[in-house]
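Student:
Numbering (my numbering), first residue to last: 5 to 409.
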């Protein structure tokens with residue numbers, strides 16, 4: 005009788021273990037990541053090949069395996085086109101069994117891709133896109149917006165500029181989802197702070213000649229010319245503004261989305277004094293310096309906030325798979341939301357129910373040439389913007405995933 009009971013207990017335990025293994029397991033005995041970004045165009049320097057290297061670093065630092073299962077990565081150039089990005093991700097999932105998509109820069113591409121990822125019940129980790137609508141009206145239960153957004157930029161740079169007397173604005177805006185969201189978020193901040201918008205003009209993505217746009221900005225008489233664009237569009241805007249003597253004539257320029265590579269490319273003579281909001285700076289702490297040196301040794305460049313965020317987000321994802329022994333989207337997303345992010349990129353970062361990863365942001369100013377001690381010594385941090393102030397509060401959210409919405 006005792007032997008029978010023992011055998012029955014053993015059978016029950018074995019069945020429970022088998023049931024748990026069936027529920028929590030890594031599909032195909034492999035974790036597959038897809039890296040999607042602009043690899044050769046307007047936004048390639050801020051994420052692009054450098055972001056792919058950051059993702060590979062995260063995989064290598066994890067040992068190339070999670071719970072004994074191999075981690076692989078594929079990549080593609082979305083060319084900043086939503087249809088190309090969405091079709092590539094659909095192919096990755098249907099044919100290559102990709103579990104998670106990382107990177108993503110163009111907000112229009114990201115919104116299209118996130119719809120595919122949600123329909124296929126996979127995971128997307130967005131590091132490069134800016135539009136705050138990604139975790140607002142376009143939120144999904146399968147996506148995380150990790151590094152920054154237009155709300156944070158508006159309440160960092162925009163608010164600071166208005167407080168310093170920049171109370172009349174003219175916008176030079178990229179004519180697609182990101183530019184529209186950036187302009188809308190900054191407009192709200194300017195008006196709430198007592199300022200006004202005197203005009204604006206929209207330009208196509210990847211514009212080469214900004215002459216007519218800058219002339220309109222000069223003619224507006226606005227104190228501030230707000231650049232609601234990014235990447236090569238921002239650098240070309242700033243070059244043209246310098247050629248036309250915008251600052252010398254008394255106007256100021258607010259670069260609403262400036263990356264480290266932009267400042268490095270343009271040089272301190274052109275960008276000195278420019279205020280910007282960033283989610284990461286390589287020289288801020290001992291931890292940021294240590295990781296950034298490793299990245300520099302690999303790429304020959306210091307990382308942008310997007311490239312650092314890609315490493316952090318991929319690592320957080322792999323940690324979640326390790327903890328759950330599962331790459332099922334619902335398991336991984338739940339674990340990532342439950343686990344704070346504490347690494348070189350963020351301290352006490354957390355993923356909210358709307359998919360927004362909230363963490364401290366930083367208001368920075370570009371150094372004068374006389375203040376810089378080296379090629380990449382470009383910023384001074386003016387102040388920290390606490391996580392609960394940096395991003396849109398859930399009380400203002402339009403996300404369907406937020407309680408009460």
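Yeah, the Cβ is synthetic: ideal placement off N, Cα and C, and Gly gets one too.
Since the model is a prediction, treat every value here as computed from it, not as a measurement.
Please classify residue 25: is it buried, with 16 or more other beta-carbons within 10 angstroms of its beta-carbon, or exposed?
Tutor: Since pLDDT at residue 25 reaches only 39, below the 50 mark, its modelled position is unreliable, and the value read off the structure follows with that caveat. Label assigned to residue 25: exposed.
Student: Can you give me the C-alpha to C-alpha distance between residue 257 and residue 392, rounded to a whole angstrom?
Tutor: 27 angstroms
Student: Would residue 386 and residue 405 qualify as a contact pair, given that the criterion is a beta-carbon distance under 8 angstroms?
Tutor: no
Student: Could you check where the beta strand (DSSP E) with residue 168 kicks off and where it finishes?
Tutor: Where residue 168 is concerned, there is no enclosing beta strand (DSSP E), given that its DSSP letter is neither H nor E.
Student: Rounded to the nearest angstrom, what separates residue 102 and residue 296 at their Cα positions?
Tutor: In this structure, the alpha-carbon of residue 102 lies about 28 angstroms from that of residue 296.
Student: Need the endpoints of the beta strand (DSSP E) that residue 202 sits in, please.
Tutor: 200-207
Student: Please classify residue 359 as buried or exposed, where buried requires at least 16 neighbouring CB atoms within 10 angstroms.
Tutor: By the neighbour-count criterion, in which a residue is buried when 16 or more other Cβ atoms sit within 10 angstroms of its Cβ, residue 359 is buried.
Student: Do residue 394 and residue 156 have their CB atoms nearer than 8 angstroms?
Tutor: yes
Student: For the beta strand (DSSP E) containing residue 81, list its first residue and its last residue.
Tutor: 73-81
Student: If we count the other Cβ atoms within 10 Å of its Cβ and call it buried at 16 or more, is residue 92 buried or exposed?
Tutor: buried
Student: Over what stretch of residues does the alpha helix (DSSP H) that includes residue 95 continue unbroken?
Tutor: 86-100 is the extent of the alpha helix (DSSP H) around residue 95.
Student: Going by CA-CA distance only, name the one from 240, 261, 238, 222 that's closest to residue 251.
Tutor: 222
Student: Based on Cα-Cα distance, which residue from 150, 124, 229 lies nearest to residue 354?
Tutor: The residue with the shortest Cα to Cα distance from residue 354 is 150.
Student: For the alpha helix (DSSP H) holding residue 411, just list the boundary residues, first then last.
Tutor: Shown here, the chain extends from 5 to 409; a query on residue 411 therefore has no answer.
Student: For residue 39, which residues does DSSP report across the bridge?
Tutor: 79, 106
Student: Among the candidates 287, 113, 218, whose CA atom is the shortest distance from the CA of residue 248?
Tutor: The shortest Cα separation from residue 248 among 287, 113, 218 belongs to 218.
Student: Only counting the same chain, and skipping five residues up and downstream in sequence, which positions put a Cβ closer than 6 angstroms to that of residue 117?
Tutor: 89, 90, 93
Student: Is DSSP giving residue 256 helix, strand or coil here?
Tutor: strand
Student: Between residue 160 and residue 389, is the Cβ-Cβ spacing less than 8 angstroms?
Tutor: For residue 160 and residue 389, yes; Cβs fall inside 8 angstroms.
Student: Which one or two residues does DSSP pair with residue 360 in a beta bridge?
Tutor: 149
Student: Go ahead and label residue 374 buried or exposed: buried means 16 or more other beta carbons lie within 10 angstroms of its beta carbon, across all protein chains shown.
Tutor: exposed
Student: Among 199, 266, 211, 71, which has the Cα closest to the Cα of residue 33?
Tutor: 71
Student: Look at the Cβ atom of residue 47, then the Cβ atom of residue 128, and state whether they are nearer than 8 angstroms.
Tutor: no
Student: How long is the line joining the alpha carbons of residue 351 and residue 321, rounded to whole angstroms?
Tutor: Between the alpha carbons of residue 351 and residue 321 lies a distance of about 16 angstroms.
Student: What three-state label does DSSP hand residue 332 in the structure shown?
Tutor: coil
Student: At the level of alpha carbons, what is the spacing between residue 245 and residue 83?
Tutor: About 27 angstroms.
Student: May I ask you to verify whether the stretch 221-241 touches the stretch 328-342, counting CB pairs closer than 8 angstroms and requiring at least 3?
Tutor: no
Student: Which class does residue 116 belong to by DSSP, given the choice of helix, strand or coil?
Tutor: helix
Student: Can the beta-carbon of residue 122 be found closer than 8 angstroms to that of residue 144?
Tutor: yes
Student: Let me confirm a value: residue 279 is counted as buried when at least 16 other C-beta atoms fall within 10 Å, else exposed. Which label applies?
Tutor: Residue burial annotation: residue 279 is buried, with at least 16 other C-beta atoms found within 10 angstroms of its C-beta.
Student: What did DSSP end up calling residue 293 once you bin it into helix, strand or coil?
Tutor: Three-state DSSP puts residue 293 in a helix.
Student: The beta strand (DSSP E) spanning residue 271 covers which residue range?
Tutor: Neither: residue 271 is in no beta strand (DSSP E) and is coded neither H nor E.
Student: Between residue 292 and residue 284, which are expected to be in contact by the criterion C-beta below 8 angstroms, what is the C-beta distance as a whole number of angstroms?
Tutor: 7 angstroms
Student: Residue range of the beta strand (DSSP E) that residue 279 falls in?
Tutor: Going by DSSP, residue 279 is part of the beta strand (DSSP E) stretching over 279-282.
Student: Which one of 31, 177, 134 has the shortest CA to CA distance from residue 100?
Tutor: Of 31, 177, 134, the residue nearest in Cα terms is 31.
Student: Am I right that residue 204 and residue 238 are in contact with their C-beta atoms under 8 angstroms? What's the rounded C-beta distance?
Tutor: At roughly 16 angstroms, the Cβ-Cβ gap does not stay under 8 angstroms, so residue 204 and residue 238 are not in contact.
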